[in-house]
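S.K.: The structure under discussion is supplied below as structure tokens; questions concerning it will follow.
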Amino acid sequence: MDDHTTTSDEAVLKTLRRNLASIQERIESACERSERVSEDVHLVAVTKYADWSWVQRLAKLHHQFGENRPQQLVERQHQLPQMHWHLIGQLQRNKVRSVLPYCGLIHSVDSLKLFQKLSDVATELNLKPEVLLQINISGEQSKSGFTVSEIKERWTVLAGHHQSVSVRGFMTMAPAEQDPEQARATFRGLREFRDSLLQRRDQLPATWSLDQLSMGMSGDFEVAIEEGATIVRVGSALFNGLTRS
Ligand SMILES: *Cc1c(COP(=O)(O)O)cnc(C)c1O
């Protein structure tokens, strides 16, 4: 009876290996096109919809995982503590305390209130979390994240927390479109915004490198890389071809 499990285990592993190789090839081509080195682009495997059994298999091949629900991140982190667990989804202030000790980079800091809460809890727990500020580049009302003007207005307040929170850069989501080219303006906008802050280096806390740009998902990660992404968050393309048992 174990035979069956073994066979399907191997089939899952094979599919994951093939998908991962294909994504990595596409990352490399996008890097070549934009004269970047592929070492500067990190793949976060988004496991939010993945069966636990797939995640276990994937952990043999890859170590950077992303979850969008804090609760699921904590549960899975306990099962696979040696992996780096990125939090990419909305974080409510009342969940900060329970998730902070278990997550690596937090991509989705989308408000000043959340940022301040993170700073308070981090100080209390003696942690120094690394975060990305989520930016709503288009400024659409329906989207979460800081607007560019909010960041500019609140920069001094944000920077005042540099002892407890380290801002590594920014994250954004492009509007879901069929054509990945539609996302280019959003990604370029994020990079240009980051570059404009770097030009005022004297106003940045010395420890805030702002070197990370988390942008691009299954449908548009190549365009994101061409526009400067250092972290791409890929879910569905990675688990393509697998069906839930
Ligand atoms: C789900 C999700 C992804 C991955 O999306 P895919 O299209 O499945 O690759 C990336 N980023 C965030 C914030 C997500 O919620």
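My numbering applies: residue 432 is where the sequence shown begins, and numbers increase by one. We treat Cβ as the ideally placed atom computed from N, Cα and C, and that holds for glycine. Bear in mind the structure is a predicted one, so any value in this text is a computation, not a measurement.
May I have a chain-ordered list of the alpha helix (DSSP H) segments no shorter than 4 residues that lie completely inside the region 574-637?
M.R.: For the region 574-637, whole alpha helix (DSSP H) runs of length 4 or above, ordered along the chain, are 579-590, 615-629.
S.K.: Is VAL530 near ligand 1, with its Cβ less than 7 Å from a heavy atom?
M.R.: No, ligand 1 has no heavy atom inside 7 Å of this Cβ.
S.K.: Decide if GLN565 is buried, meaning its Cβ has at least 16 other Cβ atoms within 10 Å, or exposed.
M.R.: Flag for GLN565 reads buried.
S.K.: Just to confirm, are ALA660 and MET648 a CB contact at a threshold of 8 Å?
M.R.: Taking 8 Å as the Cβ cut-off, ALA660 and MET648 do not qualify as a contacting pair.
S.K.: Express the C-alpha separation of GLY650 and VAL477 in angstroms, rounding to a whole number.
M.R.: Using only the alpha carbons, I get a separation of about 13 Å.
S.K.: Hey, is MET604 close to ligand 2, as in C-beta under 7 Å from one of its heavy atoms?
M.R.: Annotation note on ligand 2: not contained in the displayed structure, which lists ligand 1 as its ligands.
S.K.: Cβ of ALA668 versus every heavy atom of ligand 1: is any distance shorter than 7 Å?
M.R.: Within the cutoff, so yes.
S.K.: ILE568 bridges to which residues according to DSSP?
M.R.: Paired residue(s): none; ILE568 is not in a bridge.
S.K.: According to DSSP, is TRP639 part of a helix, a strand, or is it coil?
M.R.: Of the three classes helix, strand and coil, the one that applies to TRP639 here is coil, per DSSP.
S.K.: Smallest Cα separation from VAL540: which of HIS517, LEU556, THR554?
M.R.: The residue with the shortest Cα to Cα distance from VAL540 is HIS517.
S.K.: Using a Cβ-based criterion (distance less than 7 Å to any ligand heavy atom), does GLY650 qualify as near ligand 1?
M.R.: Yes, the beta carbon of GLY650 sits closer than 7 Å to at least one heavy atom of ligand 1.
S.K.: Quick check on the burial criterion: 16 or more other C-beta atoms within 10 angstroms. Buried or exposed for ASP434?
M.R.: Because the pLDDT at ASP434 is just 45, under 50, the model does not fix this residue reliably, and the value given afterwards should be weighed accordingly. ASP434 should be labelled exposed.
S.K.: Let me know the secondary structure DSSP gives ALA476 once reduced to three states.
M.R.: In this structure, ALA476 counts as strand in the three-state DSSP scheme.
S.K.: Considering only the alpha carbon of each residue, which of ALA614, GLU561, GLU608 lies closest to HIS593?
M.R.: Answer by Cα proximity: GLU561.
S.K.: How about SER484 and PRO501: are their beta carbons less than 8 Å apart?
M.R.: Result no, Cβ atoms of SER484 and PRO501 do not sit closer than 8 Å.
S.K.: Between which two residues does the alpha helix (DSSP H) harbouring ILE679 extend?
M.R.: Beyond the ends of the chain as shown, which are 432 and 676, falls residue 679; an answer cannot be given.
S.K.: Starting from ILE498, follow the beta strand (DSSP E) in both directions and report where the run begins and ends.
M.R.: With the sequence shown as reference, residue 498 is identified as Glu, and Ile is not the correct amino acid for it. Unbroken beta strand (DSSP E) run through GLU498: 495-498.
S.K.: Using the Cα positions of ILE519 and ARG464, report the straight-line distance between them to the nearest angstrom.
M.R.: Their backbone Cα atoms lie some 27 Å apart in a straight line.
S.K.: For GLU608, does the count of other Cβ atoms within 10 angstroms reach 16, so buried, or fall short, so exposed?
M.R.: With fewer than 16 other Cβ atoms within 10 Å, it is exposed.
S.K.: I'd like the span of the alpha helix (DSSP H) that includes VAL468, first residue to last.
M.R.: Run containing VAL468: none; DSSP gives neither H nor E here.
S.K.: So does LYS574 have its beta carbon nearer than 7 Å to some heavy atom of ligand 1?
M.R.: Not so, every heavy atom of ligand 1 lies at least 7 Å from the Cβ.
S.K.: Alpha carbon to alpha carbon, how far is GLN508 from TYR533?
M.R.: The alpha-carbon atoms of GLN508 and TYR533 are separated by roughly 7 Å.
S.K.: Can you tell me the Cα-Cα spacing of LYS544 and ARG457, whole angstroms?
M.R.: Going by the C-alpha atoms only, they are around 38 Å apart.
S.K.: Give the DSSP bridge partners of ILE537, in chain order.
M.R.: According to DSSP, ILE537 bridges with LEU518, VAL562.
S.K.: Starting from ARG507, follow the alpha helix (DSSP H) in both directions and report where the run begins and ends.
M.R.: Element bounds for ARG507: 501-510.
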